[in-house]
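A quick write-up on the structure given underneath.
Protein chains: 2
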Amino acid sequence: MSETLGEIAARYARKARSASRRLSGTDAATRNAAIEAIAQALVAATHEIVSENAKDLAEGAAAGLSPAMLDRLKLDPSRIEGMAKGLREIASQPDPVGRILSSQVREDGLSIEKVSVPLGVVFFIYESRPNVTTDAAGLCLRSGNAILLRGGKEAIHSNRILGGIISRAVASAGLPADCVQLVQETDRALVGELLQRDREIDLVIPRGGEGLIRAVAEQSKIPVLKHYKGVCHLYVHPTADPLTAPGVVFNAKVQRPGVCNALEKLLFDKAMPARLGEEILKTLSEAGVELRGSDSVRAKWPAFAWKAATDSDWDEEYLAKVLAVREVDGLDEALDWISEHGSGHTESILCRDTAMADRFVAGCDSSSVMVNASTRFADGGEYGLGAEIGISTDKLHARGPMGAADLCTYKWVVRGQGHARK
Amino acid sequence: MSETLGEIAARYARKARSASRRLSGTDAATRNAAIEAIAQALVAATHEIVSENAKDLAEGAAAGLSPAMLDRLKLDPSRIEGMAKGLREIASQPDPVGRILSSQVREDGLSIEKVSVPLGVVFFIYESRPNVTTDAAGLCLRSGNAILLRGGKEAIHSNRILGGIISRAVASAGLPADCVQLVQETDRALVGELLQRDREIDLVIPRGGEGLIRAVAEQSKIPVLKHYKGVCHLYVHPTADPLTAPGVVFNAKVQRPGVCNALEKLLFDKAMPARLGEEILKTLSEAGVELRGSDSVRAKWPAFAWKAATDSDWDEEYLAKVLAVREVDGLDEALDWISEHGSGHTESILCRDTAMADRFVAGCDSSSVMVNASTRFADGGEYGLGAEIGISTDKLHARGPMGAADLCTYKWVVRGQGHARK
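Residue numbers (this note's numbering), protein chains in the order written: chain A, 958 to 1379; chain B, 958 to 1379.
Here it is, written out as structure tokens:
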């Protein structure tokens, strides 16, 4: 009863480590059977899940959550079916464990292999959407990792019932129930304690607002994979296709403005036809996008309801139907601007000159670089990863959308017949 | 003249970042030409290098460095030839940049590629051996990275002349001289300042004593790849081949006791023939290895000049002709012991039962796992990487010996024809 937060953290972490050691010896069929068992158990428990979710929705409404937030939080039979389907997609991906990444047999008979293996224990911290709970559990089981799930307070009833269903399903498939542990406590300080357990936990993935992610990165003694924000740029080259350009910009900005791969900054080349700029701005304006422009774009296209962009506009992630627009003098200035103001998430060029597009691809140091395509494609599902546990703008280990294979490391396996080094 | 350490650090870091942007657009032939230019310049400058190195040797002798340390520090014409040869081996490796790691064209015509790219700027902190200077510069050029080299104070004269030769050779090949910068100042606080420059520097690799590495890891705002120490274990299974076992243990412990892949702990299975233990211990004893044993091994083989092992012996990296020996009750106990006391560097099993060996490989969470081979093989040269910039016991990004390919990350490149997301 008088267990301290440090003791609670130690208990979660040690159980996860112990489960991970047992998991590392299992084969893909066993781990996939556990994923399938979760999928079936979810659908079977639809009624209970919806009823626990209703508590979160009621508390959220009382706490004044926005309709958009409440919609993200909501689970209904069709969304629960979708969660089960997502799990089956994860199970259908190639096995990320035990892949031979390189191998050789030397002249002296020594065999040297580089083999993919699970990381061990993943601590996943996330906000809001409860379907992320099952995706994350599925990706970790697929890759042979134990996972500690710490969801947002606003989804605690939903996550508790999901966590229980998952753990029981995992156990029914013959794996340790502790492979997937939902952190039951909502105390924030417990996260801080867990972030100190670098002996047991191998990787932390925080997903949510920038404030949450910075707090995690600063406190953690464990390596963290993350992106802080997505300040995505689209650069319209003079050779951009006028037929498709307005549609791509519209899609990037308007289709889902609240997500990290939505467009935030539009760069017009000075040499671009004014007519093309007008088409693009008209499409955005008619969709109700608030346009914030530099002096030169406001002067060039005065017919639109501009706001003047301030210095802070160029680094801000709006996550709303707001777009900052400026002119750049050629591709190099576009790259310099992105290097200074981008967040390394996703950048796009609209351009029919292949050599120029290639220069943009080579010179743009972002995790995803698009040519003649919407920034919205930067996503694990779109990239064929089955699902994603997050997006990394870090450069070490994994970059961009991360699937099950990104939850693996490797070991070198050397086999001899009594070999001694010369 | 009154430049602060912070300003000096900013200057080095910004120059490196700027050089790295220019490097990222170069092709492998240009970068290899620079590596060849360094190799030629080194040999041409043999006389000056030896004469600057003599200053380090004289100062080192006056400061009381051990003969072993002085030998590591020493450069002579044959070692300089060896440095040039090492560079040419690095250049002969496959190009690590621009590799297509995965690619697909979706039904809607969108092309998605995952392409290897340089990390950007590497800050390399190391002690003693000046040949590491040219290896590190070569590996970074090969992988398209700019490098900041910070060598040990005891090698400063050697490193300064090497740094100058390298930068001039790089410039003569048409690349920015700042691709390779040797930090000229020996002030330790400057390292601390450089470790804050996470806007310009992408990766820190410290190589040296555990104290140096811990200090770097604690201060750094930049990701660090490292190993603290190599507490390498060898487990002798009852089915070990008695003909080769003594030679492998001898090689692992005695061939070069001062390095991180040397054997430090020997685990005898309780069911192992006593005769085999005697053979192994005799070989070690005759080579002058100090044996520190648990109670049971001292009782079982009383004929040897044992010291009693204390608790701290099981976690210590001796880096000397000292070996701790204990008994374990079967393979699982060996794995538990290694999990508790190992450093994740390299572990080996001597065993002719393939199923047992496979269980050891699966259950041992170290960066290199050996079967019937000496721990001394855990090395970039032995693994065919051409050279190594370090060994990582971390699990993210690179693990074990790290070559040029480990100095790359990737980006996702998506090409469409005006694609918008559905």
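Using N, Cα and C, we set each Cβ at its ideal position, and we do this for glycine too.
None of these values were measured; they are calculated from a predicted model.
Going by Cα to Cα distance, which pick from the options is closest to residue i?
i	options	result
Ala1103/B	Gly1077/B, Phe1081/B and Tyr1083/B	Gly1077/B
Val1054/A	Ala1355/A, Lys1071/A, Ile965/A and Glu1009/A	Lys1071/A
Val1211/B	Glu1009/A, Asp1028/A and Arg1378/A	Arg1378/A
Pro1051/B	Ala1344/B, Ala1219/B and Thr1196/B	Ala1344/B
Ser1068/A	Thr1350/B, Glu1339/B, Thr1366/B and Ala1362/B	Glu1339/B
Ile1348/B	Lys1368/B, Ser1325/B and Pro1214/B	Ser1325/B
Leu1280/B	Trp1369/B, His1190/B and Arg1125/B	His1190/B
Ala1011/B	Ser1331/B, Phe1225/B and His1114/B	His1114/B
Ser1035/B	Ser1049/B, Ala1019/B, His1004/B and Asp1065/B	His1004/B
Leu1106/B	Gly1165/B, Ile1082/B and Asp1198/B	Ile1082/B
Arg1255/A	Trp1271/A, Asp1289/A, Gly1109/A and Gly1234/A	Gly1234/A
Ala931/B	Ala1277/B, Gly1341/B and Ser1060/B	In the structure as shown, chain B begins at 958 and stops at 1379. Residue 931/B is therefore absent and cannot be evaluated.
Ile1123/A	Ala994/A, Ala990/A, Trp1258/A and Lys972/A	Ala994/A
Leu1220/B	Ala1146/B, Lys1227/B, Ile1306/B and Ser975/B	Ile1306/B
Arg1232/B	Ala1244/B, Pro1214/B, Arg1213/B and Pro1259/B	Pro1259/B
Given this structure, state the Cα-to-Cα distance separating residue i from residue j, to the nearest angstrom.
i	j	result
Thr987/A	Asp1135/B	53 Å
Gly1360/A	Ile1346/A	6 Å
Lys1186/B	Val1148/B	21 Å
Asp1155/B	Ile1179/B	5 Å
Gln1374/B	Arg979/B	29 Å
Glu1009/B	Glu1274/B	33 Å
Ser1296/A	Gly1320/A	9 Å
Arg1236/A	Met1229/A	Residue identity check: residue 1236/A is Glu in the sequence provided, not Arg. Spanning the two alpha carbons is a distance of roughly 12 Å.
Arg1333/B	Arg1086/B	19 Å
Gln1176/A	Ala967/A	17 Å
Gly1095/B	Gly1121/B	14 Å
Lys1368/B	Val1074/B	7 Å
Leu1248/A	Trp1263/A	5 Å
Asp1286/B	His1194/B	10 Å
Arg1356/A	Leu1364/A	12 Å
Leu1132/A	Leu1292/B	20 Å
Ser1253/B	Ala1266/B	11 Å
Asn1088/B	Met1040/B	6 Å
Val1137/A	Val1127/A	8 Å
Ala1090/B	Gly1341/B	In the sequence as displayed, the identity of residue 1090/B is Thr instead of Ala. Straight-line Cα distance between these residues: approximately 20 Å.
Asp1144/A	Ala1112/A	14 Å
Asp1065/A	Phe1080/B	36 Å
Helix, strand or coil: how does DSSP classify residue i here?
i	result
Thr1366/A	strand
Ala1010/A	The displayed chain sequence assigns Asn, not Ala, to residue 1010/A. Note: Asn1010/A maps to helix in three-state DSSP.
Thr1303/A	strand
Tyr1083/A	strand
Ala1103/B	strand
Tyr1275/A	coil
Cys1308/A	coil
Lys1110/B	helix
Gln997/A	helix
Glu1070/A	strand
Glu1339/B	coil
Ser1349/A	strand
Ile1158/B	coil
Arg1056/A	coil
Gly1131/B	coil
Pro1203/B	helix
Arg1045/B	helix
His1376/A	strand
Lys1264/B	strand
Leu1191/B	strand
Ala1019/A	helix
On the premise that residue j lies in contact with residue i, defined as a C-beta separation below 8 Å, what is that separation, rounded to the nearest angstrom?
i	j	result
Lys1183/A	Asp1159/B	Contact flag wrong, Cβ pair sits at about 15 Å.
Ile1037/B	Val1000/B	6 Å
Leu1027/B	Leu1014/B	6 Å
Arg1283/A	Ser1251/A	4 Å
Ser1269/B	Thr1350/B	About 20 Å; that fails the 8 Å criterion.
Val1206/B	His1298/B	In fact, because the Cβ distance is near 18 Å, the residues do not count as touching under 8 Å.
Ala1174/B	Val1181/B	5 Å
Glu1084/B	Gly1109/B	4 Å
Length-filtered (4 minimum) alpha helix (DSSP H) runs lying within the stretch 1218-1246 of chain B: 1231-1243
Residue ranges of each alpha helix (DSSP H) within the stretch 1161-1189 of chain A, 4 or longer: 1167-1176
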